[in-house]
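This report refers to the structure that appears directly beneath it.
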Amino acid sequence: MEDKTLDETQEDADGTSERVLNQDEIDNLLGFEVEEEVADERTGIQAIVNSALVSYERLPMLEIVFDRLVRLMTISLRNFTSDNVEVSLDNVSSIRFGDYLNSIPLPAILSVFRAKEWDNFGMFTVDSNLIYSVVDVLLGGRRGTAAMRIEGRPYTTIELNLVQRMIEVVLQDV
Numbered sequence: 080m081e082d083k084t085l086d087e088t089q090e091d092a093d094g095t096s097e098r099v100l101n102q103d104e105i106d107n108l109l110g111f112e113v114e115e116e117v118a119d120e121r122t123g124i125q126a127i128v129n130s131a132l133v134s135y136e137r138l139p140m141l142e143i144v145f146d147r148l149v150r151l152m153t154i155s156l157r158n159f160t161s162d163n164v165e166v167s168l169d170n171v172s173s174i175r176f177g178d179y180l181n182s183i184p185l186p187a188i189l190s191v192f193r194a195k196e197w198d199n200f201g202m203f204t205v206d207s208n209l210i211y212s213v214v215d216v217l218l219g220g221r222r223g224t225a226a227m228r229i230e231g232r233p234y235t236t237i238e239l240n241l242v243q244r245m246i247e248v249v250l251q252d253v
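Following this note's numbering, the numbering of the sequence shown begins with 80 at its first residue and continues without gaps.
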């Protein structure tokens with residue numbers, strides 16, 4: 080009978096075979112290059128994480144979804160604020176999630192919600208300019224003036240509650 084090494088095929092009692100990977104194969108699978116000369120080419124999980132982003136042009140229904148969202152948000156926010164609201168889509172771009180999180184101007188409110196239809200989660204980002212504008216409109220401030228931005232303080236409970244109500248109104252449309 081001949082000895083089997085760990086990286087050869089072994090049969091279990093139920094007749095299935097399983098192959099145990101050695102460290103070099105595990106490193107290659109995870110994308111860790113053993114040789115320095117191949118460091119430019121990514122493989123495995125690193126290739127997936129660092130891969131080029133999916134262009135939104137490859138998602139033809141995305142523009143239709145955004146157009147519908149813009150129309151619904153305009154109506155909902157107009158009803159919510161009892162004022163004229165203009166919602167527009169400036170541009171659509173693809174960016175890695177980590178890069179997006181690092182680009183959010185602080186202070187901001189990030190609201191994570193559950194999308195039941197997709198069996199997943201989504202994130203709603205509200206920057207400080209929109210927060211102060213919504214608070215100003217809802218509390219009867221002067222319309223048409225630039226919202227005053229106060230740096231270095233957390234949002235008050237009133238501001239948080241008003242923005243939470245706005246997010247709930249928007250998410251009812253989605």
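Backbone N, C-alpha and C define an ideal beta-carbon position, used for all residues, glycine too. It should be emphasised that the depicted structure is a prediction, and the values quoted were computed from it without experimental measurement.
Judged by DSSP secondary structure, I143 falls within the alpha helix (DSSP H) whose first and last residues are M140 to T160. Contact between the stretch 145 to 159 and the stretch 167 to 186 is established, with three or more Cβ pairs separated by less than 8 angstroms.
If you compare the alpha carbons of I154, N101 and Q102 with that of V253, the shortest gap goes to I154.
Straight through space, the alpha carbons of G177 and R221 are spaced by roughly 37 angstroms. When the alpha-carbon of Y234 is set against those of F200, P186, V164 and N181, the nearest one is in P186. Here M202 is exposed. Its C-beta has fewer than 16 other C-beta atoms within 10 Å.
In this structure, V213 lies near M245, with their beta-carbon atoms less than 8 angstroms apart. In the structure shown, T204 adopts extended strand secondary structure according to DSSP, grouped into three states.
Per DSSP, the continuous beta strand (DSSP E) segment holding V191 begins and ends at A187 to A194. Around the Cβ of I210, a 10 Å sphere holds 16 or more other Cβ atoms; the residue is buried. By the neighbour-count definition (other C-beta atoms within 10 Å, threshold 16), F159 is a buried residue. Taking all protein chains shown into account, L180 has fewer than 16 neighbouring C-beta atoms within 10 Å of its C-beta and is therefore exposed. Straight-line measurement puts the Cα of Q102 at about 41 angstroms from the Cα of K195. In this structure, the straight-line span from the alpha carbon of L250 to that of E104 is close to 46 angstroms.
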